[in-house]
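Visitor:
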Amino acid sequence: AQTVPNARSLPYQNELRQDLSKQFIAANTQVQVLSAKLKALETARQSLATQTGRLPVISRQYENLQRELKIATEQLSKFRQKREELTINAARQEVPWELTALPAVKKVSSSSVVGDLALGAIAGLLLGVGAALLVETKNDVIYSLKGLREELNLPILGMIPNRSKETEPIDPESESKQMGDGKFLEEKGVISSLHKGNRRKDRYRFSPFIESFRALNSQLRLLNPDAPIRSLVVSSAIPHEGKTTVAIQLAQAAAAMGQRVLLVNADLRKPSLHNIVDRHDREVLDGLTDVIAGATKLMDTVQLLPGEQNLYVLLAGSVALDPTSILSSKKMQELIQNCAHNFDLVIYDTVPLSFADSLLLIPQTDGLLMVTRLGKVDRTALRNALRTLEVSKVTVLGTVVNMVDEPGIAANYGQNSTKRKVRS
93 AQTVPNARSL PYQNELRQDL SKQFIAANTQ VQVLSAKLKA LETARQSLAT QTGRLPVISR
153 QYENLQRELK IATEQLSKFR QKREELTINA ARQEVPWELT ALPAVKKVSS SSVVGDLALG
213 AIAGLLLGVG AALLVETKND VIYSLKGLRE ELNLPILGMI PNRSKETEPI DPESESKQMG
273 DGKFLEEKGV ISSLHKGNRR KDRYRFSPFI ESFRALNSQL RLLNPDAPIR SLVVSSAIPH
333 EGKTTVAIQL AQAAAAMGQR VLLVNADLRK PSLHNIVDRH DREVLDGLTD VIAGATKLMD
393 TVQLLPGEQN LYVLLAGSVA LDPTSILSSK KMQELIQNCA HNFDLVIYDT VPLSFADSLL
453 LIPQTDGLLM VTRLGKVDRT ALRNALRTLE VSKVTVLGTV VNMVDEPGIA ANYGQNSTKR
513 KVRS
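Counted the way the working numbering counts, the sequence shown spans residues 93 to 516.
#1: Alpha carbon to alpha carbon, what distance is there between Ser-310 and Ala-348?
#2: Quick one: Cα of Ala-343 to Cα of Val-496, how far?
#3: Using the beta-carbon count (16 or more within 10 Å), is Pro-103 buried or exposed?
#4: Please state if the CB of Met-251 and the CB of Ser-304 are separated by a distance shorter than 8 Å.
#5: Using the Cβ count rule (16 or more neighbours within 10 Å means buried), how would you classify Asp-208?
#6: According to DSSP, simplified to helix, strand and coil, what is Thr-480?
#7: Under the assumption that Cys-431 contacts Leu-489 (Cβ atoms under 8 Å), give the Cβ distance between them as a whole number of angstroms.
#8: Would DSSP call Gly-490 helix, strand or coil?
#9: Taking Asp-359 as the reference, which of Lys-335, Ala-477, Ser-256 has the closest Cα?
#10: For Gln-341, does the count of other Cβ atoms within 10 angstroms reach 16, so buried, or fall short, so exposed?
#11: Give a yes or no on whether the C-beta atoms belonging to Ile-384 and Ser-421 are separated by under 8 Å.
#12: Using only alpha-carbon positions, find the residue among Pro-253, Phe-435, Thr-135, Val-486 that is nearest to Ser-323.
#13: Here's a check: name, in chain order, each residue in its chain whose Cβ is nearer than 7 Å to the Cβ of Glu-579, leaving out the five neighbours to either side.
#14: According to DSSP, is Tyr-154 helix, strand or coil?
#15: Please classify Lys-179 as buried or exposed, where buried requires at least 16 other C-beta atoms within 10 Å of its C-beta.
#16: Can you say whether Leu-478 is buried or exposed, counting buried as having 16 or more other CB atoms within 10 angstroms of its CB?
#17: How far does the alpha helix (DSSP H) with Pro-415 in it reach, from first residue to last?
#18: In the DSSP assignment, find the beta strand (DSSP E) that holds Ile-252 and state where it starts and stops.
#19: Where does Val-325 sit, in a helix, a strand or coil, going by DSSP?
#20: Apart from the five residues on each side of it in sequence, which residues of its chain come closer than 8 Å, Cβ to Cβ, to Thr-491?
#21: Buried or exposed: where does Asn-106 fall if 16 or more other Cβ atoms within 10 Å of its Cβ makes it buried?
#22: Look up Val-123 in the DSSP assignment and say whether it is helix, strand or coil.
#23: Is it true that the CB of Leu-451 sits closer than 8 Å to the CB of Tyr-440?
#24: Pick helix, strand or coil for Ile-454, following the three-state DSSP scheme.
#25: Which class does Lys-280 belong to by DSSP, given the choice of helix, strand or coil?
#26: Helix, strand or coil for Leu-403 per DSSP?
#27: Pull up the CB-CB distance for Ala-408 and Asn-357, whole angstroms please, since I reckon it's below 8 Å.
#28: On the three-state DSSP scale, how would you describe Tyr-574?
#29: Take the Cβ of Phe-116 as the centre, count every other Cβ of all protein chains shown within 10 Å, and call the residue buried at 16 or more, exposed below.
#30: Quick one, are the C-beta atoms of Leu-312 and Ile-302 less than 8 Å apart?
#31: Measuring only the C-alpha atoms, how far is Lys-362 from Gln-425?
#32: Here's a check: name, in chain order, each residue in its chain whose Cβ is nearer than 7 Å to the Cβ of Pro-455, leaving out the five neighbours to either side.
#33: With DSSP run on the structure shown, which of helix, strand or coil describes Asn-357?
#34: Sorted by chain position, which residues of the same chain lie with C-beta nearer than 6 Å to Thr-381's C-beta, five sequence neighbours on each side aside?
#35: What distance in whole Å lies between the Cβ atoms of Ser-328 and Leu-445, which are believed to be in contact at a cut-off of 8 Å?
#36: Assuming Asp-449 and Pro-415 form a contact by the criterion Cβ under 8 Å, report the distance between their Cβ atoms to the nearest whole angstrom.
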């Protein structure tokens with residue numbers, strides 16, 4: 093029997109046919125595109141296969157060219173070597189010079205020899221002077237008083253002679269302990285050795301080294317007779333200029349002239365005065381930092397030096413982690429006032445002026461005594477120190493020149509009288 097299509101299902105069948113037709117057309121189009129790509133890939137494969145087949149031929153050609161290049165390089169090296177050999181042989185066979193006439197030998201007279209020697213001596217002297225001037229110009233270190241005066245705008249209060257120039261030492265035991273390097277003498281008994289003079293008063297009295305400090309103390313006392321100096325700071329532009337030695341010897345000279353003197357080791361960074369006192373087998377002695385901390389009192393801490401009647405010393409004390417804060421504290425100001433009340437003269441040995449410690453102490457005293465060592469300090473460091481002092485507007489009493497080779501009149505005055513017997 094023949095099936096009669098349902099009228100309701102016909103629209104759905106038509107839509108299905110249309111979708112199938114669209115899918116067929118799209119599939120047919122994709123097949124055509126893929127076929128075209130396949131043809132292009134096949135063409136590229138054939139081209140690559142052709143080029144791959146030519147690789148053996150190209151490789152053989154490259155090897156032949158390399159072989160020819162090697163042969164040509166070897167031949168060029170041989171030709172160059174042969175050329176050098178021929179050049180050397182030609183130079184050996186060729187005569188470089190020939191004698192055209194006999195040389196005329198001039199007869200040397202005795203007068204010309206003397207003239208040549210004189211000219212040579214003058215030329216050598218001029219060259220030596222020129223070299224010395226050149227070295228002095230290029231060297232920044234100051235070696236002479238003239239060069240120092242050109243840089244300084246301060247009064248020179250004292251000139252300390254080179255102790256190694258003394259013909260007779262102060263004491264046999266201290267003959268090798270000289271001030272030559274400008275450093276503090278780090279051996280016990282530096283000051284007391286000067287007071288073994290009961291046996292050798294004659295030599296002590298006329299030592300240029302000791303007389304220079306007596307003169308320095310007199311200059312300080314005459315700066316202002318109406319208002320005597322009660323305290324001062326001793327410092328220098330750079331280390332090792334002899335500031336500690338100057339402080340010790342100045343204190344000893346002032347004490348010997350009747351003043352009650354206190355020498356304070358205010359160098360809390362590298363203290364050295366502990367070497368001149370009796371340690372009593374103790375590692376650390378009480379000093380300035382201990383007084384500031386309240387662990388001890390000032391008059392219980394100061395020590396009278398052996399062999400002295402008027403010279404006391406206050407050591408640095410325990411190690412200070414921050415010296416600047418200690419020296420700028422209110423307790424330090426009170427300590428300075430207390431020292432000035434109990435002593436006629438207080439000398440503070442401090443660090444070089446490149447640190448702030450010295451600049452903190454100077455305004456609390458009567459001024460700065462600046463030590464300058466010839467042959468050690470350089471112009472740059474000295475100018476920087478002077479500029480710092482000028483900016484800080486502190487009082488500078490003057491300068492002491494250390495290691496002077498010309499000690500002056502005091503070195504020879506009364507020298508013959510040292511041979512006389514001194515009454516005890």
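All residues carry an ideal CB built from backbone N, CA and C; glycine is no exception.
Guide: From the atom records:
#1: Counting from one through the sequence shown, the residue named residue 348 turns up at place 256. Counting from one through the sequence shown, the residue named residue 310 turns up at place 218. Using only the alpha carbons, I get a separation of about 12 Å.
#2: Within the sequence shown, residue 343 is the residue found at index 251, counting from 1. Within the sequence shown, residue 496 is the residue found at index 404, counting from 1. The alpha-carbon atoms of Ala-343 and Val-496 are separated by roughly 20 Å.
#3: By one-based count along the sequence shown, residue 103 stands at place 11. Classification of Pro-103: exposed, given that the 10 Å Cβ count is below 16.
#4: By one-based count along the sequence shown, residue 304 stands at place 212. By one-based count along the sequence shown, residue 251 stands at place 159. It is a contact, given that the beta carbons lie within the stated cut-off.
#5: Against the sequence shown, residue 208 aligns to sequence position 116. Asp-208 is exposed by the Cβ-count criterion.
#6: On the sequence shown, position 388 is the one that residue 480 refers to. Helix.
#7: As a first step, residue 431 must be located in the sequence shown, where it is residue number 339. As a first step, residue 489 must be located in the sequence shown, where it is residue number 397. That belief does not hold up - the Cβ atoms of Cys-431 and Leu-489 are roughly 18 Å apart, past 8 Å.
#8: Counting from one through the sequence shown, the residue named residue 490 turns up at place 398. In this structure, Gly-490 counts as strand in the three-state DSSP scheme.
#9: Within the sequence shown, the letter at position 267 stands for residue 359. Nearest C-alpha to Asp-359: Lys-335.
#10: Residue mapping note: residue 341 aligns to position 249 of the sequence shown, counting from 1. When all chains shown are included, Gln-341 counts as buried.
#11: If you number the sequence shown from 1, residue 384 lands on position 292. If you number the sequence shown from 1, residue 421 lands on position 329. Contact: yes.
#12: Position 231 of the sequence shown, counting from 1, holds the residue named residue 323. That would be Phe-435, whose Cα lies nearest to the Cα of Ser-323.
#13: The structure shown does not extend to residue 579, since the chain spans only 93 to 516, so no value can be given for it.
#14: Reading the sequence shown from its first residue, position 62 is the one you call residue 154. Of the three classes helix, strand and coil, the one that applies to Tyr-154 here is helix, per DSSP.
#15: In the sequence shown, residue 179 corresponds to position 87, counting from 1. Checking the sequence shown, residue 179 turns out to be Thr, not Lys. Looking at its Cβ environment, which holds fewer than 16 other Cβ atoms inside 10 Å, Thr-179 is exposed.
#16: In the sequence shown, residue 478 corresponds to position 386, counting from 1. Label assigned to Leu-478: buried.
#17: Start at 1 with the first residue of the sequence shown, and residue 415 comes out as number 323. Run containing Pro-415: 415 to 419, per the alpha helix (DSSP H) assignment.
#18: As a working mapping, residue 252 is identified with position 160 in the sequence shown. Counting along the chain, the beta strand (DSSP E) containing Ile-252 begins and ends at 248 to 253.
#19: Position 233 of the sequence shown, counted from the first residue, corresponds to residue 325. If DSSP states are grouped into helix, strand and coil, Val-325 belongs with the strands.
#20: Looking up residue 491 in the sequence shown gives position 399. Cβ neighbours of Thr-491 beyond the five flanking positions: Leu-244, Leu-246, Pro-247, Ile-248, Leu-249, Leu-461, Met-462, Val-463, Thr-464.
#21: Along the sequence shown, read from residue 1 onward, the residue named residue 106 stands at position 14. Per the 10 Å Cβ criterion, exposed.
#22: Along the sequence shown, read from residue 1 onward, the residue named residue 123 stands at position 31. Looking at Val-123 - three-state DSSP - the assignment turns out to be helix.
#23: In the sequence shown, counting from the first residue as 1, residue 440 sits at position 348. In the sequence shown, counting from the first residue as 1, residue 451 sits at position 359. No; because the gap between Cβ atoms is not below 8 Å, this pair is not in contact.
#24: On the sequence shown, residue 454 is found 362 positions in, with the first residue counted as 1. Looking at Ile-454 - three-state DSSP - the assignment turns out to be helix.
#25: On the sequence shown, position 188 is the one that residue 280 refers to. With a pLDDT of 36 at Lys-280, under the threshold of 50, the modelled position of this residue cannot be trusted; read the value that follows with caution. In this structure, Lys-280 counts as coil in the three-state DSSP scheme.
#26: Here residue 403 is taken as the residue at index 311 of the sequence shown, counted from 1. Strand at Leu-403.
#27: Counting from 1 along the sequence shown, the entry for residue 408 is found at position 316. Counting from 1 along the sequence shown, the entry for residue 357 is found at position 265. About 4 Å separates the two Cβ atoms, so the contact holds.
#28: Residue 574 is absent from the structure shown; the chain starts at 93 and stops at 516.
#29: Counting from 1 along the sequence shown, the entry for residue 116 is found at position 24. Exposed.
#30: Within the sequence shown, residue 312 is the residue found at index 220, counting from 1. Within the sequence shown, residue 302 is the residue found at index 210, counting from 1. No, the Cβ-Cβ distance between Leu-312 and Ile-302 is not below 8 Å.
#31: Along the sequence shown, read from residue 1 onward, the residue named residue 362 stands at position 270. Along the sequence shown, read from residue 1 onward, the residue named residue 425 stands at position 333. When rounded, the distance between both Cα atoms is 22 Å.
#32: Reading the sequence shown from its first residue, position 363 is the one you call residue 455. The residues are Val-486.
#33: Working through the sequence shown from its first residue, we reach residue 357 at position 265. Looking at Asn-357 - three-state DSSP - the assignment turns out to be strand.
#34: Working through the sequence shown from its first residue, we reach residue 381 at position 289. Gly-409, Ser-410, Ala-412.
#35: Mapped onto the sequence shown, residue 445 falls at position 353. Mapped onto the sequence shown, residue 328 falls at position 236. The pair is a contact, with the Cβ atoms about 7 Å apart (cut-off 8 Å).
#36: Numbered from 1 along the sequence shown, position 357 holds the residue referred to as residue 449. Numbered from 1 along the sequence shown, position 323 holds the residue referred to as residue 415. So it is a contact: roughly 6 Å between Cβ atoms.
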